[in-house]
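Enquirer: In the working numbering, the protein residues as written are 4 to 101.
(1) Where residue 69 and residue 36 are concerned, what is the direct C-alpha to C-alpha distance, given to the nearest angstrom?
(2) Taking one C-beta from the segment 28-46 and one from the segment 56-63 each time, how about it: are there three or more such pairs within less than 8 Å?
(3) Along the chain, where does the alpha helix (DSSP H) that runs through residue 5 open and close?
(4) Contact check, residue 39 vs residue 75 under 8 Å by CB: the rounded distance?
(5) Which class does residue 23 belong to by DSSP, given the choice of helix, strand or coil?
(6) Using the three-state DSSP reduction, which class does residue 84 fall into: helix, strand or coil?
(7) Since I believe residue 20 is in contact with residue 14 (beta carbons under 8 Å), could you give me their beta-carbon distance rounded to a whole number of angstroms?
(8) Closer than 8 Å by C-beta to residue 84: which residues in its own chain qualify, once you throw out the five before and the five after it? Chain order, please.
(9) Give me the residue from 29, 56, 48 with the minimum Cα distance to residue 72.
(10) For residue 34 and residue 48, what's the separation of their Cα atoms in angstroms?
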């Protein structure tokens, strides 16, 4: 099982794969999105032989990758700068922590 996780990470984790050399995480994310759209198109044409399937697979890939990056970014911020979660936005109506 660890072997599969290692393979998965070497492809899908941009902090491990060669895209980790791109310093700006936004650019790294964009490149991952482009690759996801490309693979969505390839699988749509190859497996289903129908271009209309592409829109569903492309949207699914974009949502999945965006969710992974948003989660990773949030976890990273919570680890390195937890004080950003201490703003009014995260407080109750009376301004105090609940």
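Yeah, the Cβ is synthetic: ideal placement off N, Cα and C, and Gly gets one too. Bear in mind the structure is a predicted one, so any value in this text is a computation, not a measurement.
Expert: This is what the structure holds:
(1) As a first step, residue 69 is located in the chain shown; it is residue number 66 there, counting from the start. As a first step, residue 36 is located in the chain shown; it is residue number 33 there, counting from the start. In a straight line, the C-alpha of residue 69 is about 8 Å away from that of residue 36.
(2) The answer is yes - the segment 56-63 touches the segment 28-46, with three or more Cβ pairs under 8 Å.
(3) Counted from its first residue, the chain shown places residue 5 at position 2. Residues 5-15.
(4) As a first step, residue 39 must be located in the chain shown, where it is residue number 36. As a first step, residue 75 must be located in the chain shown, where it is residue number 72. Actually they do not touch by this definition, with Cβ atoms about 15 Å apart.
(5) Residue 23 sits at position 20 when you count from the first residue of the chain shown. Residue 23 falls in the helix class under three-state DSSP.
(6) The residue labelled residue 84 in the question sits at position 81 within the chain shown. DSSP places residue 84 outside both helix and strand once states are collapsed to three, so it counts as coil.
(7) Translated into positions along the chain shown, residue 14 becomes position 11. Translated into positions along the chain shown, residue 20 becomes position 17. Contact holds; Cβ gap of about 6 Å.
(8) Here residue 84 is taken as the residue at index 81 of the chain shown, counted from 1. Short of 8 Å from the beta carbon of residue 84, and not among the five residues preceding or following it, lies no beta carbon of its own chain.
(9) Stepping through the chain shown from its first residue, residue 72 is reached at position 69. Distances from the CA of residue 72 to each of 29, 56, 48 were compared; the closest alpha carbon is that of 29.
(10) Locating residue 34 in the chain shown gives position 31, where the first residue counts as 1. Locating residue 48 in the chain shown gives position 45, where the first residue counts as 1. Taking the straight line from one Cα to the other gives about 21 Å.
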